[in-house]
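Asks: To get the working numbering, take the position in the sequence shown, counting from 1, and add 317.
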Amino acid sequence: MTKREQSETKAELLDELDSTLPGSIDRRKFMQGSLGAIGATLLAGCTGQGGGNDGGDGDNDSSDTDQSSDGEFLDETKAVFTAPWKKEPSWGHTHVAEGREYWEDAGVPNIDGTRGNGSDTESQNIGVGNKPMGVTSITTAISVYPETENTEALDMSVVGLARGRPLLSLIWRKDMMEDRADIAGKTILAASGFAAATIQVYPNLVDVDQSEVTLEEGTEEVAAPKLANGEVAAVWGSIDLLPVYQEEVDAELGVTPLTAFGGFPGYPIWVNNSWYDNKENAAEFVGQVMTGYFKAMKWGLLNQSEYLDYLKNEVNPNLQTWTEEELTGQHSVNCAQAITLDMKDNGLGYFTEDGIANVLENAGPALVDNPDALPSASEMVITEPLEHMEPATFTDDEWNQLAKNAGFIWDLFEEAESDN
318 MTKREQSETK AELLDELDST LPGSIDRRKF MQGSLGAIGA TLLAGCTGQG
368 GGNDGGDGDN DSSDTDQSSD GEFLDETKAV FTAPWKKEPS WGHTHVAEGR
418 EYWEDAGVPN IDGTRGNGSD TESQNIGVGN KPMGVTSITT AISVYPETEN
468 TEALDMSVVG LARGRPLLSL IWRKDMMEDR ADIAGKTILA ASGFAAATIQ
518 VYPNLVDVDQ SEVTLEEGTE EVAAPKLANG EVAAVWGSID LLPVYQEEVD
568 AELGVTPLTA FGGFPGYPIW VNNSWYDNKE NAAEFVGQVM TGYFKAMKWG
618 LLNQSEYLDY LKNEVNPNLQ TWTEEELTGQ HSVNCAQAIT LDMKDNGLGY
668 FTEDGIANVL ENAGPALVDN PDALPSASEM VITEPLEHME PATFTDDEWN
718 QLAKNAGFIW DLFEEAESDN
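(1) Counting Cβ pairs closer than 8 Å, one from the segment 675-685 and one from the segment 438-448, do we hit at least three?
(2) Within 10 angstroms of its Cβ, does glutamate 464 collect 16 or more other Cβ (buried), or is it exposed?
(3) Could you give the distance in angstroms between the alpha-carbon of lysine 661 and the alpha-carbon of leucine 618?
(4) Just verifying my parser: in three-state terms, what is the DSSP assignment at alanine 680?
(5) So, for valine 632: in the same chain, excluding its five sequence neighbours on each side, which residues have a beta-carbon less than 7 Å away from its beta-carbon?
(6) Helix, strand or coil for threonine 399 per DSSP?
(7) Can you tell me which of the three DSSP states proline 483 falls into?
(8) Take glutamate 731 as the anchor and find which of Asp496, Gln654 and Ala690 has the nearest alpha-carbon.
(9) What is the residue span of the alpha helix (DSSP H) that tryptophan 727 lies within?
(10) Less than 9 Å between the C-beta atoms of proline 582 and valine 676, yes or no?
(11) Determine, using beta carbons only, whether alanine 414 and methionine 614 come nearer to each other than 9 Å.
(12) How close, in whole Å, do the beta carbons of phenylalanine 711 and glycine 477 come, if the pair is a contact with beta carbons under 8 Å?
(13) Hey, out of Thr431, Met450 and Leu485, whose CA is closest to alanine 599's CA?
(14) Grouping DSSP H, G and I as helix and E and B as strand, with all else coil, what is methionine 614?
(15) Could you give the distance in angstroms between the alpha-carbon of glutamate 548 and the alpha-carbon of alanine 507?
(16) What does DSSP give as the partner residues of glutamate 495 in its beta bridges?
(17) May I have the straight-line CA-CA distance separating aspartate 545 from serine 474, to the nearest angstrom?
(18) Distance, Cα to Cα, glycine 604 vs valine 588?
(19) One question on the structure: do phenylalanine 398 and aspartate 429 come within less than 9 Å of each other, judged by their Cβ atoms?
(20) Using only the alpha-carbon positions, how far apart do glycine 424 and methionine 607 sit?
(21) List the endpoints of the continuous alpha helix (DSSP H) containing tryptophan 420.
(22) Could you name the residues that DSSP lists as bridge partners for glycine 477?
(23) Which one of Glu715, Lys543 and Val518 has the shortest CA to CA distance from phenylalanine 578?
(24) What would DSSP say about methionine 706, mapped onto helix, strand or coil?
(25) Among residues of its own chain, excluding the 5 on either side of glutamate 701, which ones have a beta-carbon nearer than 7 Å to its beta-carbon?
(26) If I follow the unbroken alpha helix (DSSP H) through glutamate 641, where does it start and stop?
(27) What residue from Leu628, His648 and Gly666 has the CA that sits closest to isoleucine 726's CA?
(28) Which residues bound the beta strand (DSSP E) around methionine 450?
(29) Whole angstroms are fine: how far does the CA of glutamate 707 sit from the CA of phenylalanine 602?
(30) From which residue to which residue does the alpha helix (DSSP H) around aspartate 626 run?
(31) Just verifying my parser: in three-state terms, what is the DSSP assignment at threonine 456?
(32) Between the Cα of glycine 535 and those of Ile505, Leu729 and Leu691, spot the shortest distance and give me the residue it belongs to.
(33) Relative to the C-alpha of glycine 446, which candidate in Ala498, Ala396, Leu487 and Asn620 has its C-alpha closest?
(34) Please report the distance separating the alpha-carbon of aspartate 736 from that of asparagine 427.
Structural data, given as structure tokens:
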């Protein structure tokens with residue numbers, strides 16, 4: 318099965334789940350609750366690769382792509398830009414950029430912003446040329462990047478950073494661990510399928526032999542009870558679940574975000590290399606696309622109520638069924654995750670080749686069987702579009718507003734990254 322066929326199969330499965338599962342169930346969590354779930358059964362023989370969890374419930378629209386049946390773009394003046402997931406607060410900036418004409422103002426009026434079916438699917442779409450550009454998790458992209466027995470290697474590069482940070486963190490009981498490195502002889506639970514795919518990274522970061530640590534796979538639903546009753550000393554998962562753990566665990570908790578160990582980027586903007594190489598004025602064009610995207614993102618991050626109202630009324634009416642707490646909660650996490658401390662002066666989208674190298678070095682061996690099959694950081698980066706992008710920077714007042722919108726997770730990231 319080709320990568321294009323894999324992508325179409327997954328999209329069909331996910332859309333089918335949309336129509337059959339209750340609205341309260343996240344179809345992607347349902348599909349990828351553990352490494353051995355759907356990926357090892359329904360998709361056996363097709364891919365063999367793990368996938369990311371981009372989260373949430375939302376709209377049930379189909380994911381349109383502006384392409385012909387053989388993957389060629391119908392009209393390069395109307396290039397597709399894919400989000401990794403549905404039309405929710407976390408990924409609404411793509412649809413704001415199009416609907417509020419930020420892309421038109423940036424000189425690229427015909428960009429078609431589409432929702433995605435997860436970082437694994439959209440990485441493959443971009444990597445094989447089904448879509449020219451868009452956003453996906455870097456760790457998920459790496460996990461599906463190399464050539465396999467049934468698939469060719471992906472052909473794509475990073476041009477910007479749509480979300481500065483991953484949410485992956487170690488949340489640990491201080492009465493069971495002395496510090497973040499005290500994991501030898503301890504049991505750590507991976508709280509999702511994606512967490513399980515990346516949990517091997519943590520022992521390497523704190524220089525502990527993995528054989529000295531018991532690593533368990535689980536789900537978000539079982540993580541809090543197990544941490545509460547002391548079955549596990551720590552949970553490896555998303556930092557946005559910290560309030561759940563704090564409510565259930567009668568012990569002080571330590572929090573160690575992955576970014577405490579250096580510049581681990583979260584969700585880059587990728588371009589298909591063949592499309593980029595063959596497009597006239599590609600650097601200028603992609604730079605304009607990122608200009609519009611990040612101006613839309615800045616507006617959305619700073620103006621919480623207006624942004625959420627726009628999404629509910631103009632982008633995805635299903636969001637009107639969400640509670641205010643659910644909407645603002647996802648927006649707050651997005652604010653904290655989207656921005657690195659370097660972006661205040663350098664602007665949204667800023668990244669370094671060293672950050673990409675850091676992920677390849679530390680996460681690559683945990684994500685793929687043969688890390689040597691991955692390209693080097695210099696081969697996975699195209700910097701020219703950043704030179705043609707108008708930076709979206711922040712004044713001190715805007716920075717303070719952003720921190721206010723982000724809430725407590727902002728403080729955790731800031732503290733964790735203070736010594737980097």
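For glycine and all other residues, C-beta sits at the position ideal for the given N, C-alpha and C. A quick note: this is a predicted structure, and the numbers were derived from the prediction, not measured.
Replies: So, to answer that:
(1) no
(2) exposed
(3) 13 Å
(4) coil
(5) Lys404, Gly409, His412 and Gly416
(6) strand
(7) coil
(8) Gln654
(9) 725-733
(10) yes
(11) yes
(12) No, phenylalanine 711 and glycine 477 are not in contact; Cβ-Cβ is about 17 Å, not under 8 Å.
(13) Met450
(14) helix
(15) 13 Å
(16) In the DSSP output, where bridge partners are listed per residue, glutamate 495 has none listed.
(17) Residue identity differs from the one stated: residue 545 is alanine in this sequence, not aspartate. About 42 Å.
(18) 12 Å
(19) yes
(20) 11 Å
(21) 419-422
(22) Ile586
(23) Val518
(24) coil
(25) Ala600
(26) 641-655
(27) His648
(28) 450-452
(29) 12 Å
(30) 621-627
(31) helix
(32) Ile505
(33) Ala396
(34) 43 Å
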